[in-house]
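> From first to last, the protein sequence lines stand for chains B and G.
Take this note's numbering: the last position of the first sequence gets the number 257, and nothing is skipped along the way.
Take this note's numbering: the last position of the second sequence gets the number 948, and nothing is skipped along the way.
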Amino acid sequence: MKKPFELHADYQPESFEFTKAYQKKIKDVIALYPPGRQQSAVMPLLDLAQRQVGEEGAKATPVYGGWIPRAAMDHIAEILDMPAVKVYEVATFYSMYNLAPVGKHLVQICTTTPCWLNGSDGVVKTCKDKLGIQMNETTEDGQFTIMEVECLGACVNAPMVQINDDYYEDLTPETMAELIDILGQDMKPTVGSQKGRACSMAASGPTVMLEGAKKAKVV
Amino acid sequence: MPKLTINDIEVEVEPGTSILQAAEQIGIEIPRFCYHDRLSVPANCRMCLVEVSPGPPKPAASCAMACGEGMVVKTDSDMVKQARKGVMEMLLINHPLDCPICDQGGECDLQDQAVAYGYDRSRYHENKRAVKDKELGPLVNTVMTRCINCTRCVRFAEEIAGTPVLGQFNRGEEAEIGTFIDQVVDTELSGNMVDICPVGALTSKPYQFKARSWELRKTDTIDVHDAVGCNIRVDARGREVMRVLPRLHEEINEEWINDRSRFSYDGLSKARLDRPYIRDEKTGVMSESSWDEAFAVIKSKLAKVKGSEIAGLAGDLVSVEEMYAFKDFLHGLGSKDMDCRTDGSMIDPRVRGGYVMNSGIEAIEEADAILLVGVNPRYEGTLVDTRIRKAVRENGAKVALVGEACDLTYRYEHVGDSPADLEKLAKARSGFAKILKDAKKPVMIVGSGAYARADGAAVQALCHAAAEKLKVVRKDWNGFNVLQNAASRVGGLDIGFVPAKEGRGLAHILAGTKDGSVKAMFLLGADEFNARAEIGWKCFTVYVGHHGDHGAERADVILPSAAYTEQDGLYVNAEGRPQLARAAVTPPGEARSGWSIFRALSAVLGKALSYDTLAQLREEMVKHYPHLELIDERGANEWAVFDSKAKVSGDVFALPVRNFYLTNAICRASDTMRKCVGAFHASEVLEAAE
Ligand code: SF4
Ligand code: FES
Ligand code: FES
Numbered sequence: 039m040k041k042p043f044e045l046h047a048d049y050q051p052e053s054f055e056f057t058k059a060y061q062k063k064i065k066d067v068i069a070l071y072p073p074g075r076q077q078s079a080v081m082p083l084l085d086l087a088q089r090q091v092g093e094e095g096a097k098a099t100p101v102y103g104g105w106i107p108r109a110a111m112d113h114i115a116e117i118l119d120m121p122a123v124k125v126y127e128v129a130t131f132y133s134m135y136n137l138a139p140v141g142k143h144l145v146q147i148c149t150t151t152p153c154w155l156n157g158s159d160g161v162v163k164t165c166k167d168k169l170g171i172q173m174n175e176t177t178e179d180g181q182f183t184i185m186e187v188e189c190l191g192a193c194v195n196a197p198m199v200q201i202n203d204d205y206y207e208d209l210t211p212e213t214m215a216e217l218i219d220i221l222g223q224d225m226k227p228t229v230g231s232q233k234g235r236a237c238s239m240a241a242s243g244p245t246v247m248l249e250g251a252k253k254a255k256v257v
Numbered sequence: 259m260p261k262l263t264i265n266d267i268e269v270e271v272e273p274g275t276s277i278l279q280a281a282e283q284i285g286i287e288i289p290r291f292c293y294h295d296r297l298s299v300p301a302n303c304r305m306c307l308v309e310v311s312p313g314p315p316k317p318a319a320s321c322a323m324a325c326g327e328g329m330v331v332k333t334d335s336d337m338v339k340q341a342r343k344g345v346m347e348m349l350l351i352n353h354p355l356d357c358p359i360c361d362q363g364g365e366c367d368l369q370d371q372a373v374a375y376g377y378d379r380s381r382y383h384e385n386k387r388a389v390k391d392k393e394l395g396p397l398v399n400t401v402m403t404r405c406i407n408c409t410r411c412v413r414f415a416e417e418i419a420g421t422p423v424l425g426q427f428n429r430g431e432e433a434e435i436g437t438f439i440d441q442v443v444d445t446e447l448s449g450n451m452v453d454i455c456p457v458g459a460l461t462s463k464p465y466q467f468k469a470r471s472w473e474l475r476k477t478d479t480i481d482v483h484d485a486v487g488c489n490i491r492v493d494a495r496g497r498e499v500m501r502v503l504p505r506l507h508e509e510i511n512e513e514w515i516n517d518r519s520r521f522s523y524d525g526l527s528k529a530r531l532d533r534p535y536i537r538d539e540k541t542g543v544m545s546e547s548s549w550d551e552a553f554a555v556i557k558s559k560l561a562k563v564k565g566s567e568i569a570g571l572a573g574d575l576v577s578v579e580e581m582y583a584f585k586d587f588l589h590g591l592g593s594k595d596m597d598c599r600t601d602g603s604m605i606d607p608r609v610r611g612g613y614v615m616n617s618g619i620e621a622i623e624e625a626d627a628i629l630l631v632g633v634n635p636r637y638e639g640t641l642v643d644t645r646i647r648k649a650v651r652e653n654g655a656k657v658a659l660v661g662e663a664c665d666l667t668y669r670y671e672h673v674g675d676s677p678a679d680l681e682k683l684a685k686a687r688s689g690f691a692k693i694l695k696d697a698k699k700p701v702m703i704v705g706s707g708a709y710a711r712a713d714g715a716a717v718q719a720l721c722h723a724a725a726e727k728l729k730v731v732r733k734d735w736n737g738f739n740v741l742q743n744a745a746s747r748v749g750g751l752d753i754g755f756v757p758a759k760e761g762r763g764l765a766h767i768l769a770g771t772k773d774g775s776v777k778a779m780f781l782l783g784a785d786e787f788n789a790r791a792e793i794g795w796k797c798f799t800v801y802v803g804h805h806g807d808h809g810a811e812r813a814d815v816i817l818p819s820a821a822y823t824e825q826d827g828l829y830v831n832a833e834g835r836p837q838l839a840r841a842a843v844t845p846p847g848e849a850r851s852g853w854s855i856f857r858a859l860s861a862v863l864g865k866a867l868s869y870d871t872l873a874q875l876r877e878e879m880v881k882h883y884p885h886l887e888l889i890d891e892r893g894a895n896e897w898a899v900f901d902s903k904a905k906v907s908g909d910v911f912a913l914p915v916r917n918f919y920l921t922n923a924i925c926r927a928s929d930t931m932r933k934c935v936g937a938f939h940a941s942e943v944l945e946a947a948e
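1) Between the Cα of G:His294 and those of G:Ile568, G:Val492 and G:Ile454, spot the shortest distance and give me the residue it belongs to.
2) What's the C-alpha gap between B:Gln88 and B:Ser133?
3) Assuming contact is defined by CB atoms lying nearer than 9 Å, are B:Leu118 and B:Ala69 in contact in what I supplied?
4) Kindly examine ligand 2 and report whether one of its heavy atoms sits closer than 8 Å to the Cβ of B:Ala251.
5) Quickly, what does DSSP pair G:Ile264 with across the bridge? List them, please.
6) May I ask you to check if the CB of G:Cys325 is nearer than 8 Å to at least one heavy atom of ligand 1?
7) Report, in whole angstroms, the separation of the C-beta atoms of G:Ser522 and G:Met879, which I expect to be a contact under 8 Å.
8) Quick check: what's the CA-CA separation for B:Met247 versus B:Val162?
9) Does DSSP put B:Gln125 in a helix, in a strand, or in coil?
10) With a threshold of 9 Å between beta-carbons, can G:Ile439 be considered close to chain B, or not?
11) Look at the alpha carbon of G:Val373 and the alpha carbon of G:Lys656, and state the distance between them as a whole number of angstroms.
12) Excluding the 5 residues flanking B:Ile114 on each side, which residues of the same chain have their C-beta closer than 8 Å to its C-beta?
13) At which residue ranges does the segment 81-158 of chain B contain complete beta strand (DSSP E) runs of 3 or more residues, listed in the order of the chain?
14) My output table needs one value for G:Lys392: the three-state DSSP class, helix, strand or coil.
15) Out of curiosity, what's the CA-to-CA distance linking G:Val949 and G:Ile435?
16) Less than 9 Å between the C-beta atoms of G:Gln283 and G:Val269, yes or no?
17) Check whether the segment 373-392 of chain G touches the segment 342-354 of chain G, counting contact only when three or more Cβ pairs, one atom from each stretch, lie closer than 8 Å.
18) Chain B partners of G:Arg429, CB-CB under 9 Å?
19) Is the beta carbon of G:Ala341 sitting closer than 9 Å to the one on G:Ser276?
20) Looking only at its chain, what residues have a beta carbon closer than 7 Å to the beta carbon of G:Ser603, apart from the 5 residues adjacent to it on each side?
21) Which residues of chain B have a Cβ atom closer than 8 Å to the Cβ of G:Gly425, listed in chain order?
22) Check whether the Cβ of G:Pro422 lies closer than 9 Å to any Cβ atom in chain A.
23) Short check: CB of G:Trp549 to CB of G:Glu848, under 9 Å?
24) Just to confirm the assignment: which complete alpha helix (DSSP H) runs, minimum length 4, are found wholly within the segment 547-593 of chain G?
25) Given this structure, state the Cα-to-Cα distance separating G:Arg413 from G:Lys699, to the nearest angstrom.
26) For a contact meaning CB atoms closer than 9 Å, what does B:Leu45 contact in chain G?
27) Restricting to runs no shorter than 4 residues, where is the alpha helix (DSSP H) found entirely within the segment 670-705 of chain G?
28) Taking C-alpha atoms, which residue in G:Arg470, G:Gly487, G:Asp367 and G:Gly364 lies nearest to G:Glu891?
29) I need the boundaries of the beta strand (DSSP E) containing G:Phe798, first residue and last residue.
30) For ligand 2, I want to know if B:Ser158 counts as a neighbour, meaning its beta carbon is within less than 8 Å of at least one of the ligand's heavy atoms.
31) When you compare each of G:Asp626, G:Val563 and G:Lys332 to G:Phe690 by their alpha carbons, which one comes out closest?
32) Determine contact between the segment 635-646 of chain G and the segment 498-517 of chain G, defined as no fewer than three beta-carbon pairs at a distance below 8 Å.
33) Would DSSP call G:Gln283 helix, strand or coil?
34) In whole angstroms, give me the CA-to-CA distance for G:Phe798 and G:Ala858.
35) Tell whether a beta-carbon distance below 9 Å holds between G:Phe738 and G:Val717.
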């Protein structure tokens with residue numbers, strides 16, 4: 039479950055503006071929708087706001103991850119000419135939007151049945167022990183937040199976690215610990231299966247559709 | 259037109275009709291929570307499930323499924339019953355079992371439908387969820403744990419009230435209704451959310467824990483807080499009005515009323531005049547008296563006064579019968595000086611089309627261009643404003659305003675603020691002038707305040723001329739409307755409660771009280787001007803009314819009369835539609851209905867009026883004014899253009915209603931209305947304190 043929104047928290051900024059670079063992106067996104075239907079751009083705009091805040095947070099001390107302040111939601115409502123409450127509704131409905139600050143690396147651990155059967159408990163324990171925090175908490179240095187999520191659709195490679203935009207699959211307590219180490223040093227670990235298999239094919243390599251696998255350059 | 263069978267009954271319906279509506283047409287009721295026939299259809303409660311074939315073998319939400327040719331619908335099959343039971347069980351999982359302490363008890367959709375469709379016990383043993391209550395201001399009480407997330411209130415706030423601040427946040431078990439940022443819902447219509455909430459999540463704060471619905475005596479009557487003439491039901495217990503609810507009238511208020519009409523009732527039992535009072539001439543102190551004593555004082559005072567030195571003013575809340583008797587009374591004394599336009603309006607009483615809403619209220623929703631002149635419809639006729647909003651929302655109507663800018667719930671073009679700007683607009687060929695001329699059903703709404711100024715007559719002439727020029731008045735369509743804001747006004751003008759030939763109107767009467775040419779003054783509920791300052795101190799003043807307000811403060815003799823909930827009376831609304839208000843309770847103490855006071859006093863003064871009962875009064879009245887007999891009918895009105903040489907001044911149109919919650923004596927006595935001022939008009943309270 040995501041962190042609850044707090045209206046009067048002192049971290050809520052007074053105002054929010056998109057940077058030049060983001061303003062360009064916004065224009066492009068809005069242009070995708072027919073005239074009079076700009077409100078449909080509310081979801082991409084919320085995402086862009088979260089990313090912009092995330093970029094700023096990566097450079098701040100202490101660091102923090104992307105989240106959407108109330109001022110940003112109001113600003114988006116203004117841009118799209120819709121009631122602010124409609125933006126709040128969308129933002130609170132989807133779990134991908136963070137409405138309170140999170141760590142620079144938001145670790146979303148899947149604990150739904152397939153992942154759980156394959157040892158997500160161990161992954162959770164490693165995270166908690168190694169980072170010294172509980173679910174929905176953030177490390178003091180602002181680097182990590184861990185949270186529990188429902189199935190993220192990568193059950194074939196269970197157990198898995200999502201960290202910011204990337205999936206890390208086929209985890210063990212050991213590989214999870216490694217991931218945390220690498221990320222903690224601001225390096226980028228290999229995305230995807232941590233057992234070295236490509237996509238979700240058998241670990242020993244493709245067994246069917248061999249031609250196709252070659253064409254797709256996965257072997 | 260699709261033809262279908264519902265429970266073996268064949269029915270043909272308009273294309274686009276939902277199954278639920280079609281069933282309703284043939285008298286089959288389908289249970290529902292989220293569906294409301296004046297709101298959009300979200301289909302989120304699933305209570306209205308029915309079996310439809312052909313189609314997938316699962317129940318379908320009948321509120322959102324349009325009728326199709328050859329459909330076979332079952333609303334009472336086993337599958338449907340099972341499905342409804344299931345939905346009911348789901349809804350009750352998280353619903354508290356607090357009906358005994360819930361104000362909605364006895365008139366709760368959930369309670370009723372649980373009896374009809376629910377299980378008799380729960381199979382659910384986990385904890386129920388709890389939701390934090392929300393603060394929605396002094397009128398609406400929330401118990402959000404009872405909410406079933408039907409989103410009716412959310413849709414009402416957005417679609418009808420035009421204040422989209424409510425929403426449904428989070429999802430799944432966390433889902434809750436609120437404003438997210440702790441806002442009040444700043445609308446004059448918030449009480450209606452209490453009505454449409456199908457459970458006890460939103461209830462009336464002033465009525466909280468006061469009564470049970472089944473112990474109340476219900477009286478159908480008419481509201482008098484503005485000139486719209488909303489149909490209401492007054493629920494009373496003993497002599498006390500416990501609450502006021504709207505009553506359906508498609509052509510006037512649909513099923514809504516504004517918060518002032520609904521919540522000011524506590525003012526009916528405060529600051530009441532419940533016995534006659536006489537002011538001691540030497541000390542200036544008011545003391546209680548009997549009717550006989552009061553009449554005797556009036557008689558002795560009038561003995562030395564000539565008829566031409568007597569004047570009368572009628573206020574905003576009085577009925578036509580009261581004014582009729584008052585007028586007869588004044589005539590009997592030989593007075594020609596009377597006026598019901600106590601707001602200072604110069605409106606011409608001779609042309610009915612010039613002081614009513616010619617298009618009617620309902621037709622406004624068909625308008626495609628609307629010009630507002632010197633009016634804030636939101637405050638001066640809230641239920642007219644909802645029609646304008648509907649026209650904007652559903653018709654894409656364009657709105658423009660000449661007058662002081664105000665916060666309306668829809669977009670408008672502000673084309674100017676003075677009569678000169680209106681003159682300019684009338685001459686223009688492009689812009690909004692063109693929009694009006696090209697419109698199919700153009701509407702012009704002039705506030706009564708627009709004529710309440712020294713050059714009022716010239717402004718009226720200008721408005722009529724502009725209406726002609728802008729083609730608002732056509733052969734087959736008259737879109738010219740004057741929105742009065744006092745319930746008594748149209749009736750008063752109809753029966754000619756205005757200066758008779760050579761008589762004096764408001765301004766001259768008031769001046770007369772100071773220069774000595776008016777020696778005696780009768781006020782009938784006239785509280786909307788500062789009587790203490792405006793009436794000369796030598797003038798003997800009698801106040802007939804129900805509240806100790808501005809008029810009573812100035813009076814030398816007070817005669818207590820009944821309020822609108824305490825006597826039968828006729829009111830003509832802003833569209834010129836006569837409607838009957840009925841007594842719901844008895845007047846307090848010694849108070850009597852207004853007309854009977856004038857009848858009794860006239861006898862004491864030796865000029866007895868010719869009727870002894872209200873029925874006789876009405877009989878005589880309709881002889882002179884036959885249209886008053888046609889209850890709930892709106893006849894055609896004559897129309898005229900005045901040719902006026904007088905010039906209009908450049909002064910901006912001033913809005914007559916600044917504070918929506920304190921427009922009359924009843925509101926000013928109401929604690930609830932004062933709380934509303936604090937919550938919704940905070941800035942103005944500061945001003946008033948200064
Ligand atoms: S508060 Fe009442 S009207 Fe609003 S969503 Fe809940 S149940 Fe429906
Ligand atoms: S169960 Fe974990 S990804 Fe589906
Ligand atoms: S009434 Fe049809 S789903 Fe609610």
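Glycine included, every Cβ here is placed at the ideal spot set by N, Cα and C.
Checking against the coordinates, here is how it stands:
1) G:Ile454
2) 13 Å
3) no
4) no
5) DSSP, once it has assigned bridges, lists G:Ile267 and G:Val331 as partnering G:Ile264.
6) no
7) That belief does not hold up - the Cβ atoms of G:Ser522 and G:Met879 are roughly 29 Å apart, past 8 Å.
8) Answer to the nearest angstrom: the Cα atoms are 36 Å apart.
9) In the sequence on display, residue 125 of chain B carries Val and not Gln. Residue state, collapsed to three classes: helix.
10) yes
11) 48 Å
12) Excluding positions up to five away in sequence, the list reads Val80, Leu83, Leu84, Ala87 and Val125.
13) The qualifying runs are 143-148.
14) Per DSSP, reduced to three states, the secondary structure at G:Lys392 is coil, with no helix or strand assignment.
15) This structure does not reach residue 949 of chain G, given that chain G is present from 259 up to 948, and the question cannot be answered.
16) yes
17) yes
18) Near G:Arg429 (Cβ distances below 9 Å), the residues of chain B are Thr130, Phe131, Tyr132 and Ser133.
19) no
20) Ser706, Tyr709, Ala710 and Gly714
21) Val123, Lys124, Tyr126 and Glu127
22) In the structure shown, chain A does not exist; the protein chains are B and G.
23) yes
24) With a minimum length of 4 residues, the continuous alpha helix (DSSP H) runs that stay inside the segment 547-593 of chain G are 549-561 and 578-591.
25) 28 Å
26) What B:Leu45 touches in chain G: Phe438, Ile439 and Asp440.
27) 677-685 and 690-696
28) G:Gly487
29) Phe798 to Gly803
30) yes
31) G:Asp626
32) yes
33) helix
34) 19 Å
35) no
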